[in-house]
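Converting from the sequence shown to the working numbering requires adding 46 to each position, the first position being numbered 1.
Think of the CB as a built atom: it goes at the ideal place given N, C-alpha and C, for glycine as much as any other residue.
All values reported here derive from a predicted model rather than from experimental measurement.
Everything on this sheet refers to the single structure shown next.
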Amino acid sequence: MIERLEKIWQEVNSIRKISDQPFEYIPFNLEGIVKDMVLIGIDKEGRKMVLLKDKRVDNPLPKPGCTRLEISRDLVPSENGSQPYIKIICLDDSLENVFSFLISRLIRLLSDGSTPNKATIDAVSEFRRLLSRAGGPLPSDEEILGLTGELIFISQIIKKDQSLWKGWNGPSGSSRDFTWDKTDVEIKASFQAGEPKITINNLNQLEPISGRSLFLFHSIFVENPKGNITVPDLVEEIYSKIEDKEEFEETVFKAGYSKEHKELWLEYKFSLSECSSYSIEDEFPRINEASFKNGLIPESISKIRYEIDLNKVSNFKIENEEVFKMISKS
47 MIERLEKIWQ EVNSIRKISD QPFEYIPFNL EGIVKDMVLI GIDKEGRKMV
97 LLKDKRVDNP LPKPGCTRLE ISRDLVPSEN GSQPYIKIIC LDDSLENVFS
147 FLISRLIRLL SDGSTPNKAT IDAVSEFRRL LSRAGGPLPS DEEILGLTGE
197 LIFISQIIKK DQSLWKGWNG PSGSSRDFTW DKTDVEIKAS FQAGEPKITI
247 NNLNQLEPIS GRSLFLFHSI FVENPKGNIT VPDLVEEIYS KIEDKEEFEE
297 TVFKAGYSKE HKELWLEYKF SLSECSSYSI EDEFPRINEA SFKNGLIPES
347 ISKIRYEIDL NKVSNFKIEN EEVFKMISKS
């Protein structure tokens, strides 16, 4: 869909250059969406826009919540007279790729049955959330390290089956970073510094679900200005090997990565020291509800965060290949 949008914008831009209209557009027609419901356009200032036909003109529109978008209602001339549309304009040309994802999200919501107004509210909310991560174009250093670890796992698991990347849940905020059939994987990453340790952020993170297998996949990195591990390189490597490229792009976008800021991401270079896997069994040391008297967590405790020294759980270590095979055969 992203490539199709780019082609449409090229066509619209050619029309706009010889037009004296406030904006020019081309309909984006797709099976499952009413004809001329979505228009892809460019205004006379060269700003990209999307228009959604919406006859419910009294419905309130979402506030942009940032200076990068302009949202309004407008009438668009047609053969049947002027038609009411929601108009969303991208005010920052450095975010054109992000804006493409917003449009892609809008179209998916519409095809799933959402109203134009509701689709706008949901897509703009997601747009704002992604732009506000860490107060800037990149997530926090901790999140970048975590994303690198998740992409390392994905880059290895797709060697078994390119479709296995779809088990990646981390960016969606799921309780498990990776899920495939009856297997769950918690993915952790840390820097090489003293004893290998991981941080557990809640009681359920290492708690297996009945009838399912749970594994821990841990990557150890070294910060290295000459390192060969970066998020952009991993994204491009995975992208080149899978079929559903657009869905993958949307997933890494949700994780906070956008190609507009590739040069900034490339400043975070790592070397990979080691990847290890652990089977999370009943005997695996962790804090859970059973750790408290009568299995009840005191009401005064609102958050539990602790570290595990992986050197002391080496008896639960298994070969990475064993985990990959188990997933690929399920």
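- Per DSSP, I233 lies in no alpha helix (DSSP H) segment; the continuous beta strand (DSSP E) that holds it begins and ends at 229–237.
- In the DSSP assignment, T297 falls within the unbroken alpha helix (DSSP H) covering 291–300.
- Within the same chain, Cβ atoms closer than 6 Å to the Cβ of R332 are found at L252, the five residues on either side in sequence being excluded.
- Within its own chain, the residues whose Cβ lies closer than 7 Å to the Cβ of W55, once the five positions on either side in sequence are excluded, are I86, I88, K94, listed in chain order.
- Contact between the segment 275–282 and the segment 222–232 is absent: fewer than 3 CB-CB pairs across the two stretches fall below 8 Å.
- Secondary structure note for V96: its beta strand (DSSP E) is the uninterrupted segment 94–99.
- The beta carbons of S322 and K272 sit no closer together than 8 Å.
- For G87, the enclosing beta strand (DSSP E) covers residues 84–89.
- Runs of the beta strand (DSSP E) lying entirely within the segment 238–321, each at least 3 residues long, are 243–246, 259–269 in chain order.
- The segment 311–322 makes no contact with the segment 288–299: fewer than 3 CB pairs, one atom from each, lie closer than 8 Å.
- Our two residues, S157 and S171, have alpha carbons roughly 18 Å apart in a direct line.
- A straight line joining the alpha-carbon of E116 with that of L137 spans about 7 Å.
- As DSSP reads the structure, T225 sits in a beta bridge with D230.
- DSSP, read as helix, strand or coil, puts L184 in coil.
- DSSP lists no bridge partner for Q202.
- I54 carries a helical assignment under DSSP once its states are collapsed to helix, strand and coil.
- Around the beta carbon of S304, 16 or more other beta carbons lie within 10 angstroms, which makes this residue buried.
- Only residues of its own chain outside the window of five on either side were considered, and among them T194, F267, V268, E269, N270, G273, I275 have a CB closer than 7 Å to the CB of F316, listed in chain order.
- Scanning its chain for C-beta atoms nearer than 6 Å, with the 5 sequence neighbours on each side dropped, one finds around S374 the residues K206, D207, in chain order.
- Collapsing the DSSP output to three states places I350 in coil.
- Around K234, the same chain offers I244, H264 as residues with beta carbons nearer than 6 Å, after the five sequence neighbours per side are excluded.
- The Cβ atoms of I132 and R119 sit closer than 8 Å to each other.
- Within the same chain, Cβ atoms closer than 7 Å to the Cβ of I343 are found at E335, the five residues on either side in sequence being excluded.
- Within the segment 108–162, the alpha helix (DSSP H) runs of at least 4 residues that lie entirely inside it are, in chain order, 142–157.
- If the five residues before and after V144 are omitted, its C-beta is found closer than 6 Å to the C-beta atoms of S304, all from its own chain and listed in chain order.
- Closest option to I64, judged by alpha-carbon separation, among N75, S128, G92, E52: G92.
- The beta carbon of G78 sits closer than 7 Å to those of S157, all from its chain and outside the five residues before and after it, given in chain order.
- In this structure, the beta-carbon distance from L97 to I153 does not fall below 8 Å.
- If the five residues before and after Y71 are omitted, its C-beta is found closer than 7 Å to the C-beta atoms of V58, L85, I86, G87, L97, all from its own chain and listed in chain order.
- Judged by their CB atoms, I284 and L197 are nearer to each other than the 8 Å cut-off.
- Across the set L155, Y314, W214, S124, the C-alpha of Y314 shows the shortest separation from the C-alpha of S186.
- A direct Cα-Cα distance of roughly 16 Å separates P68 from P130.
- For the pair F261 and M372, the Cα-to-Cα distance works out to about 11 Å.
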